[in-house]
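One structure is given below, encoded as structure tokens.
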């Protein structure tokens, strides 16, 4: 019976210990479940943040792509891309900061994204204005091009008209000049022997033909200016070659733009009264037998022809 109080104390201690252990177990269990809950909440928070960061990166990449397209379009339309390039550089910095940042304010990036989106909308308006201006400019260029084409056509028409008038004037001038040219008629070639005796015949003996005397009449022409005129004489032998001697008065002159040899020339003081003209030509060598042609020229025109024969 004496052991009963002691036993009672022992049982009480065991009960107290059991209660304490039970309490500790409950607290431990509570702490374990609470920590687990905290851990699960942290995992949810991290997952949500990762998703938000990913979404932010996608938005920034999308804005970057749209910005590149805007820069290309404005540049194509001839607009100023300075501001667009500055914004593009800032966007790249923001993207880099987002990639390497551990403590990133997503709210701050959301605000930036809204600013970038507003900027893109503003540039859409700019592009639309540039497109309208380019359409207007293209229309104006087309109108100017058509007007320029019309002016070119008109200028060409005027040039053709002027060319036609010039050509007509040249033709008229040529006709007037030709009409005003001297005209020689009654051309005769007489033989002059060594004694100075003049003879007219159908054919002359070569040994008696020391000189030839050319006589002709210049017709009266009111269009011809009364002034000294150079008359060029070409004597053609039976083979068509020009009888010439540069040491004896022969030379060259121009006919129809071509340089031509003449046999001799004389200056006639034209008086427009049907005057008779004489010319004496001495050749240093005998004439060959055959038919000779005499051509007279003045002021670029042939004014008459004659002939004589040598036997």
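Numbering (the UniProt record's numbering), first residue to last: 1 to 311. Glycine included, C-beta positions come from ideal geometry on N, C-alpha and C.
Three-state class that DSSP yields for residue i in the structure shown
{"i": "residue 58", "result": "helix"}
{"i": "residue 264", "result": "strand"}
{"i": "residue 186", "result": "strand"}
{"i": "residue 219", "result": "coil"}
{"i": "residue 2", "result": "For residue 2, the predicted structure reports a pLDDT of 49, less than 50, and the residue's modelled location is therefore unreliable. The matter cannot be settled from this model."}
{"i": "residue 212", "result": "strand"}
{"i": "residue 287", "result": "coil"}
{"i": "residue 199", "result": "strand"}
{"i": "residue 153", "result": "helix"}
{"i": "residue 292", "result": "strand"}
{"i": "residue 20", "result": "helix"}
{"i": "residue 193", "result": "coil"}
{"i": "residue 116", "result": "helix"}
{"i": "residue 12", "result": "helix"}
{"i": "residue 270", "result": "coil"}
{"i": "residue 138", "result": "helix"}
{"i": "residue 108", "result": "helix"}
{"i": "residue 130", "result": "helix"}
{"i": "residue 225", "result": "coil"}
{"i": "residue 179", "result": "helix"}
{"i": "residue 77", "result": "coil"}
Inter-residue CB distance, residue i and residue j (contact presumed, cutoff 8 Å)
{"i": "residue 158", "j": "residue 74", "result": "Not quite, the Cβ-Cβ distance comes to about 45 Å (not below 8 Å), so this is no contact."}
{"i": "residue 185", "j": "residue 219", "result": "6 Å"}
{"i": "residue 242", "j": "residue 261", "result": "5 Å"}
{"i": "residue 200", "j": "residue 209", "result": "Going by Cβ atoms, the distance from residue 200 to residue 209 rounds to 12 Å, so no, they are not a contact pair."}
{"i": "residue 204", "j": "residue 296", "result": "Contact doesn't hold; Cβ gap of about 20 Å is too wide."}
{"i": "residue 310", "j": "residue 292", "result": "7 Å"}
{"i": "residue 53", "j": "residue 70", "result": "No, residue 53 and residue 70 are not in contact; Cβ-Cβ is about 26 Å, not under 8 Å."}
{"i": "residue 263", "j": "residue 231", "result": "Rounded, the Cβ-Cβ distance is 12 Å, inconsistent with contact."}
{"i": "residue 196", "j": "residue 248", "result": "The Cβ separation is near 19 Å, so there is no contact."}
{"i": "residue 98", "j": "residue 56", "result": "6 Å"}
{"i": "residue 300", "j": "residue 255", "result": "6 Å"}
{"i": "residue 290", "j": "residue 237", "result": "7 Å"}
{"i": "residue 182", "j": "residue 149", "result": "At roughly 52 Å, the Cβ-Cβ gap does not stay under 8 Å, so residue 182 and residue 149 are not in contact."}
{"i": "residue 91", "j": "residue 67", "result": "6 Å"}
Bridge partner(s) assigned by DSSP for residue i
{"i": "residue 302", "result": "297"}
{"i": "residue 279", "result": "214"}
{"i": "residue 309", "result": "291"}
{"i": "residue 259", "result": "254"}
{"i": "residue 204", "result": "310"}
First through last residue of the alpha helix (DSSP H) which encompasses residue i
{"i": "residue 242", "result": "Here residue 242 belongs to no alpha helix (DSSP H), and DSSP marks it neither H nor E."}
{"i": "residue 234", "result": "Unbroken run through residue 234 is the beta strand (DSSP E), 228 to 236; no alpha helix (DSSP H)."}
{"i": "residue 95", "result": "82 to 100"}
First and last residue of the uninterrupted beta strand (DSSP E) at residue i
{"i": "residue 254", "result": "251 to 255"}
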